[in-house]
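Enquirer: My questions all concern the structure below.
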DNA sequence: TACAGTCGGGG
DNA sequence: GTGTACGACTGTA
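Laid out in structure tokens, this is it:
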């Protein structure tokens, strides 16, 4: 027997060993351990049918132990179930597949829980967690003990070895010529051709550095598939990028899926065993919170690093709920693959009422404070015990949901609040720690990334409550949250008005207020204290704006739109929402000019009227107009980027993006739903030129008039609130005679 | 004018 | 292996 301590890198099932664990031990050695880990799932239904299942399993070649038990279903309470325990975890999916095919009429539970989640729930050991292991001579784990909790703030950090791999171009656009391979110690550049020597170089790098993580650009979609294809074609067997040399890397196919109201495309994936591979270009959230955020999510969700890196945070939330359920002995229902179904009219009307959206007071306001509720929706779920199994349940101790009058059972903490409580607490603790650090402290970046990783888990958990395909979702719980949020925001509004503030705007979890006399930090603190006391929810001061503009609708300038605004905080920093520079389909030069204009306005001395900057501002726009007309702008600056929602042949109207997509398809460049197309507007038919076509667009074909119109619109967004009419803006920007008749005087 | 298609936002 | 629903806006016919 041998004792060792170390960090968990990875867990997976194996035909031979049952469960395989990779750890970094106290001496920095990477070790492969094994463990016996039987896995259980459940069937429920009429007694006679369960008896048939029992008989079926007895005769099945996969070894399993069955037992009759009572377990708790979250919604229907105690149920009689048939417990099926599979000796080797790797065989569980196969056995379940055979059982459900033979007995499709029964209810099943705990059928599709990721192995790492089962492991975390059973042993409290999670990816990157520190533990103590007692092992025998054959590296079998006999005993183990977790030495840290995913919820502690200070984390023990394993000494990870990282190898970065980066081609010199995006393979989707141009074939890379060389690859940069980097480690802590060195950086080397290797030519892509000849391919065999590239393969040998990568193999040598892997041998020399033995990385825990290969962090690549386009490793999923380009490099590794190419390398493997080459090995296949040439009959090469000596290349295996896994640390577990008995395993072959797993490839998963590309897919498109619907989320966040849009279609996302995910390229094929390339997963390794014993070490991780993350393709940062195929891990859609990577740019949001980076490696520290991904690792933080792996810790708290229990999902393997390679999985959580590529998945949406929704998968992480589900994993956390599964862990809670496993720990509390609650059955996890099998997820039926149900097609997206249409909502009934009744459902539509009911679901219609979301978060509170107020009509802002259009125009320019000075000295405005913005107060935000921190993680409001998750906070409400925890505070009011909102969970699918507590909403609508009348018990000894219930609370009524405002407006809806539906009871919420308070007798025991719900599954969703129980899952979120530590997550919320940890994010708040990290934010508190951040507030106490100097801006240049070396811990700041990683703490921020970790907080962002946690934030995204919290953000999506609300959506999951109302999601039909979620395990623990229920529309009434979803509505309860929005009902409470409206109530809380209205109560904050009353509080503000009681203290002499005018409420200019409210939006879901934020309110903008202005004091009748003067909005001052001290007064706002007092207001916040009062709001916090009345609502018992955490709030934060987003900032005090020197000035802020709430924009009207472009189609009717009497109608305010709730989420189009821009403003400048006291420290001179900008905040903009919903305007051209925020949109991903705005050509870069237009977005840049608009931002530069806003920075010019932000730089004005505190009490100077914004109109005094008009000559400078018009000058900036005119410069942009002149650059465009003279053809001085690089064509990249004119690119419009849009995400397409469907294949080329399914477009019913030939929108610019659809025409660009068709051009690409004609030249053999496939774009899938969820991928982006880039194009420039050109004169005449077809009006666009796709950027990634084999030949570069003709610079003289640029549809200058169209870009000028886009510029005028972006200028109008900023200038209209400064009392410059759109026609005036157009003539100021486009007229050659402008210099002679300066319309705005300098002060 | 109706319809089709994309974007934002959370933070 | 995938939050929702919706309004604003633009471009096409």
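In our numbering, the protein residues as written are 11 to 757. Heads up, the beta-carbon is just placed ideally off N, CA and C, and yes, glycines get one too.
Across the region 574 to 588 and the region 736 to 748, are there enough close Cβ pairs to call them in contact, namely three or more that are closer than 8 Å?
Expert: No contact exists between the region 574 to 588 and the region 736 to 748.
Enquirer: What number of angstroms, rounded off, separates the C-alpha of residue 196 from the C-alpha of residue 253?
Expert: Going by the C-alpha atoms only, they are around 21 Å apart.
Enquirer: Please look up how many angstroms separate the CB atoms of residue 630 and residue 607, rounded, as I've assumed it's under 8 Å.
Expert: Confirmed, Cβ separation roughly 5 Å.
Enquirer: Taking the alpha helix (DSSP H) that residue 538 falls in, what are its first and last residues?
Expert: Start and end: 531 to 545.
Enquirer: Just to confirm before moving on: does the CB-CB distance between residue 534 and residue 379 stay below 8 Å?
Expert: Contact: yes.
Enquirer: Restricting to runs no shorter than 3 residues, where is the beta strand (DSSP E) found entirely within the region 363 to 442?
Expert: Correct list: 373 to 383, 408 to 410, 417 to 419.
Enquirer: For residue 354, which residues from the same chain have a beta carbon less than 7 Å from its beta carbon, with the 5 sequence-adjacent residues on both sides left out?
Expert: With a pLDDT of 39 at residue 354, under the threshold of 50, the modelled position of this residue cannot be trusted, and the question is left open.
Enquirer: By the 10 Å Cβ neighbour count, where 16 or more other Cβ atoms means buried, how is residue 317 classified, buried or exposed?
Expert: Buried, since its Cβ has 16 or more Cβ neighbours within 10 Å.
Enquirer: Verify whether the separation of the beta carbon atoms of residue 94 and residue 67 is less than 8 Å.
Expert: Result yes, Cβ atoms of residue 94 and residue 67 sit closer than 8 Å.
Enquirer: Considering only residues of the same chain and omitting the five flanking positions on each side of residue 191, which have a CB-CB separation below 6 Å?
Expert: Here the set comprises 175, 198, 215.
Enquirer: Starting from residue 516, trace the alpha helix (DSSP H) both ways and give me its first and last residue.
Expert: Premise fails: residue 516 lies in the beta strand (DSSP E), 511 to 517, not in any alpha helix (DSSP H).
Enquirer: Assign residue 11 to buried or exposed, taking buried as 16 or more other Cβ atoms, counted over all protein chains shown, within 10 Å of its Cβ.
Expert: Looking at its Cβ environment, which holds fewer than 16 other Cβ atoms inside 10 Å, residue 11 is exposed.
Enquirer: One question on the structure: do residue 586 and residue 634 come within less than 8 Å of each other, judged by their Cβ atoms?
Expert: Taking 8 Å as the Cβ cut-off, residue 586 and residue 634 do not qualify as a contacting pair.
Enquirer: For residue 536, count neighbouring C-beta atoms within 10 Å of its own C-beta (all shown protein chains included) and say buried if the count is 16 or more, exposed if not.
Expert: It is exposed - the Cβ of residue 536 has fewer than 16 other Cβ atoms within 10 Å.
Enquirer: Rounded to whole angstroms, what is the Cα-Cα separation between residue 361 and residue 419?
Expert: Residue placement at residue 361 is poorly supported in this model, since its pLDDT is 41, which falls under 50; the coordinates still yield a value, given next. The alpha-carbon atoms of residue 361 and residue 419 are separated by roughly 22 Å.
Enquirer: Evaluate the contact criterion for the region 24 to 35 versus the region 99 to 111: three or more CB pairs, one atom per stretch, below 8 Å.
Expert: Yes, the region 24 to 35 touches the region 99 to 111.
Enquirer: For residue 188, tell me which candidate among 505, 212, 167, 171 has the shortest Cα-Cα distance.
Expert: The shortest Cα separation from residue 188 among 505, 212, 167, 171 belongs to 212.
Enquirer: Entirely within the region 605 to 682 and at least 3 residues each: give me those beta strand (DSSP E) ranges in chain order.
Expert: List check, beta strand (DSSP E) in window: 650 to 653.
Enquirer: Here's a check: name, in chain order, each residue in its chain whose Cβ is nearer than 8 Å to the Cβ of residue 152, leaving out the five neighbours to either side.
Expert: Excluding sequence neighbours, residue 152 sits near 11, 144, 145, 146.
Enquirer: Take every Cβ of the region 639 to 659, pair it with every Cβ of the region 228 to 243, and state whether three or more of those distances are shorter than 8 Å.
Expert: With the cut-off at 8 Å, the region 639 to 659 and the region 228 to 243 do not touch.
Enquirer: Hey, how far is the Cα of residue 286 from the Cα of residue 223?
Expert: Going from the Cα of residue 286 to the Cα of residue 223 covers about 5 Å.
Enquirer: Do you know whose CA, among 649, 734, 684, lies nearest residue 707's CA?
Expert: Nearest option by C-alpha distance: 649.
Enquirer: Near residue 69, what residues of its chain come up, given a Cβ to Cβ distance below 6 Å and the 5 sequence neighbours on each side ignored?
Expert: The answer is none, since no qualifying residue turns up.
Enquirer: Give the DSSP-derived three-state secondary structure of residue 343 in the structure shown.
Expert: Reduced to three states, the DSSP call for residue 343 is strand.
Enquirer: What is the residue span of the alpha helix (DSSP H) that residue 494 lies within?
Expert: Per DSSP, residue 494 belongs to the alpha helix (DSSP H) from 485 to 508.
Enquirer: With distances taken Cα to Cα, identify the nearest neighbour of residue 667 among 81, 699, 646.
Expert: Ranking 81, 699, 646 by Cα distance to residue 667 puts 699 first.
Enquirer: Which runs of the beta strand (DSSP E), 3 residues or longer, sit entirely within the region 203 to 263?
Expert: List check, beta strand (DSSP E) in window: 223 to 226, 260 to 262.
Enquirer: Assuming residue 718 contacts residue 638 under a Cβ cut-off of 8 Å, what Cβ separation, rounded to an integer in Å, is found between them?
Expert: Residue 718 to residue 638, Cβ: 7 Å. Contact.
Enquirer: Give the straight-line distance between the Cα atoms of residue 302 and residue 462, rounded to the nearest whole angstrom.
Expert: Rounded to the nearest angstrom, the two C-alpha atoms are 9 Å apart.
Enquirer: Which first and last residues belong to the beta strand (DSSP E) in which residue 699 is found?
Expert: Its beta strand (DSSP E) spans residues 698 to 700.
Enquirer: Do residue 344 and residue 129 have their C-beta atoms closer together than 8 Å?
Expert: No, Cβ-Cβ distance for residue 344 and residue 129 is not below 8 Å.
Enquirer: Return the bridge partner residues of residue 54 from the DSSP annotation.
Expert: Bridge partners of residue 54: 117.
Enquirer: Tell me which same chain residues have a C-beta within less than 7 Å of the C-beta of residue 725, skipping the five on either side of it?
Expert: Result list for residue 725: 631, 739, 743, in chain order.
Enquirer: For residue 29 and residue 678, what's the separation of their Cα atoms in angstroms?
Expert: Rounded to the nearest angstrom, the two C-alpha atoms are 45 Å apart.
Enquirer: Starting from the Cα of residue 625, find the closest Cα among 732, 715, 58 and give me that residue.
Expert: Closest by alpha carbon: 732.
Enquirer: Output the distance between the C-alpha atoms of residue 614 and residue 621, rounded to the nearest integer angstrom.
Expert: Cα to Cα, residue 614 sits roughly 10 Å from residue 621.
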